[in-house]
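Since the structure comes first, as structure tokens, the remarks are kept for the end.
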Ligand SMILES: [Zn+2]
């Protein structure tokens, strides 16, 4: 007697592609402070790259100019309707 479990259907790739078209990519940069190890996140800005030193910005926690970009990541979001 065969009693194999029934697996749910995997959504087709076409659906995923259509969904992605409706979504917007938002890029973020993770800013770290070398001095106090504080970690912040902000929207990606033109020219950002990993390990870039942010010499114009002061750490909000220790007030030192020791900030750098430790990570860049992107997120897919459904745009809000206006
Ligand atoms: Zn700091």
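Numbering (my numbering), first residue to last: 833 to 914.
Heads up, the beta-carbon is just placed ideally off N, CA and C, and yes, glycines get one too.
My assumption, with CB atoms under 8 Å, is that residue i sits in contact with residue j. Please give the rounded CB distance.
{"i": "residue 907", "j": "residue 858", "result": "5 Å"}
{"i": "residue 890", "j": "residue 896", "result": "7 Å"}
{"i": "residue 901", "j": "residue 882", "result": "6 Å"}
{"i": "residue 904", "j": "residue 880", "result": "6 Å"}
Taking 7 Å as the cut-off, is the C-beta of residue i nearer than that to any heavy atom in ligand 1?
{"i": "residue 884", "result": "no"}
Does DSSP classify residue i as helix, strand or coil?
{"i": "residue 853", "result": "helix"}
Open item on the list: Using only Cβ atoms and a threshold of 6 Å, which residues come within that distance of a heavy atom of ligand 1? Order them by chain position.
Closed with: Qualifying residues, in the order they occur: 865, 867, 868, 870, 891, 893, 894, 896 and 898.
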